[in-house]
Amino acid sequence: MWQLLLLFWLNVFHPFYVSVTEIVYNKNSGTVQVSVRIFFDDFEKALEKRSKTQLNILKPTDRKQVNAMIAAYIKDHLKINANDKSLDLKFQGYEIEEDAAWCYFETSQVGSIKQLHIKNDILFEQQSSQSNMIHVVVDGKRKSTKLDNPKSEADFTY
5 MWQLLLLFWL NVFHPFYVSV TEIVYNKNSG TVQVSVRIFF DDFEKALEKR SKTQLNILKP
65 TDRKQVNAMI AAYIKDHLKI NANDKSLDLK FQGYEIEEDA AWCYFETSQV GSIKQLHIKN
125 DILFEQQSSQ SNMIHVVVDG KRKSTKLDNP KSEADFTY
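To convert, note that position 155 of the sequence shown is 159 in the working numbering; the numbers rise steadily by one, no gaps.
The following block contains the structure:
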């Protein structure tokens, strides 16, 4: 019985902190498409702390400013290297879905991908228990890993 109470307590009173990053190589366009899912309340706190400005990403008063803040934060905390070359993430926008912000990026053409090195420390400065899931799809082959704070780097070979 006490195990059930403990499980209930952990689920109700101890939130979990996780982001999901999906990285897909689009063979047709030769680009890498990236989407990052982050709980918007935690993300908003990180953006406010960084900018020392209060904001509302659900209903921003200045969408351009919020876009710039989101793009800068993620570009500082998510680094992707393909075949030992740094990829430039170009912000495409974001949308809110339920309790999360989906942030979208795309790269210029990169050619074929043999190796990816990813550094992802999104929200690590906010939560010591933050975990970041990474899913990568190259040429139809899906690989995944989980980075638990402070581990922030992963390698994928195709």
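From the three backbone atoms N, C-alpha and C, an ideal C-beta is built for every residue, glycine too. All figures in this text were calculated on a predicted structure; none of them were measured in a lab.
Smallest Cα separation from residue 93: which of 101, 100, 83? Against the sequence shown, residue 93 aligns to sequence position 89. When only C-alpha atoms are compared, the closest one is 83.
Of the residues 80, 34, 68, 158, the one placed nearest residue 120, counting alpha carbons only: Walking along the sequence shown from the start, residue 120 turns up at place 116. Taking the Cα of residue 120 as reference, the smallest distance to any Cα among 80, 34, 68, 158 is reached at 158.
Opening and closing residue of the beta strand (DSSP E) in which residue 159 lies: By 1-based counting over the sequence shown, the position of residue 159 is 155. Its beta strand (DSSP E) spans residues 157-161.
Please check the pair residue 103 and residue 43, which I expect to be a contact at CB under 8 Å, by giving their CB distance rounded to whole angstroms. Working through the sequence shown from its first residue, we reach residue 103 at position 99. Working through the sequence shown from its first residue, we reach residue 43 at position 39. Indeed they touch by this definition, with Cβ atoms about 6 Å apart.
Short Cβ contact (7 Å threshold) for residue 142 with residue 21: Taking the sequence shown and counting its residues from 1, one reaches residue 142 at position 138. Taking the sequence shown and counting its residues from 1, one reaches residue 21 at position 17. Result no, Cβ atoms of residue 142 and residue 21 do not sit closer than 7 Å.
Which whole runs of the beta strand (DSSP E) in the region 31-59 are 3 residues long or more, in chain order? 35-43, all fully within the region 31-59.
In angstroms, rounded to a whole number, what distance separates the CA positions of residue 100 and residue 38? As a first step, residue 100 must be located in the sequence shown, where it is residue number 96. As a first step, residue 38 must be located in the sequence shown, where it is residue number 34. Our two residues, residue 100 and residue 38, have alpha carbons roughly 16 Å apart in a direct line.
Going by DSSP, name the residue or residues bridged to residue 105. For the purposes of this step, residue 105 is identified with residue 101 of the sequence shown, where counting begins at 1. Answer is 42, 100.
For residue 47 and residue 128, the rounded distance between their alpha carbons: Residue 128 sits at position 124 when you count from the first residue of the sequence shown. Residue 47 sits at position 43 when you count from the first residue of the sequence shown. One Cα belongs to residue 128, the other to residue 47, and the distance between them is close to 11 Å.
Alpha carbon to alpha carbon, what distance is there between residue 153 and residue 89? Counting from one through the sequence shown, the residue named residue 89 turns up at place 85. Counting from one through the sequence shown, the residue named residue 153 turns up at place 149. The straight-line gap from Cα to Cα measures roughly 25 Å.
In the DSSP assignment, the alpha helix (DSSP H) including residue 141 goes from what residue to what residue? Counting from one through the sequence shown, the residue named residue 141 turns up at place 137. Looking at the DSSP string, residue 141 is not in any alpha helix (DSSP H); the run it does join, the beta strand (DSSP E), is 135-142.
Delimiting residues of the alpha helix (DSSP H) encompassing residue 80: Along the sequence shown, read from residue 1 onward, the residue named residue 80 stands at position 76. First-last of the alpha helix (DSSP H) with residue 80: 67-81.
Residue span of the beta strand (DSSP E) that contains residue 119, given as start and end: Taking the first residue of the sequence shown as position 1, residue 119 is located at position 115. Unbroken beta strand (DSSP E) run through residue 119: 119-124.
Using three-state DSSP, classify residue 61 as helix, strand or coil. As a working note, residue 61 is residue 57 in the sequence shown. Residue state, collapsed to three classes: coil.
Over the uninterrupted beta strand (DSSP E) stretch that includes residue 111, give me the two end residues. Position 107 of the sequence shown holds residue 111. Counting along the chain, residue 111 falls outside any beta strand (DSSP E), and DSSP gives it neither H nor E.
Between the beta-carbon of residue 113 and the beta-carbon of residue 50, is there less than 7 Å? Numbered from 1 along the sequence shown, position 109 holds the residue referred to as residue 113. Numbered from 1 along the sequence shown, position 46 holds the residue referred to as residue 50. In this structure, residue 50 does not lie closer than 7 Å to residue 113 by Cβ.
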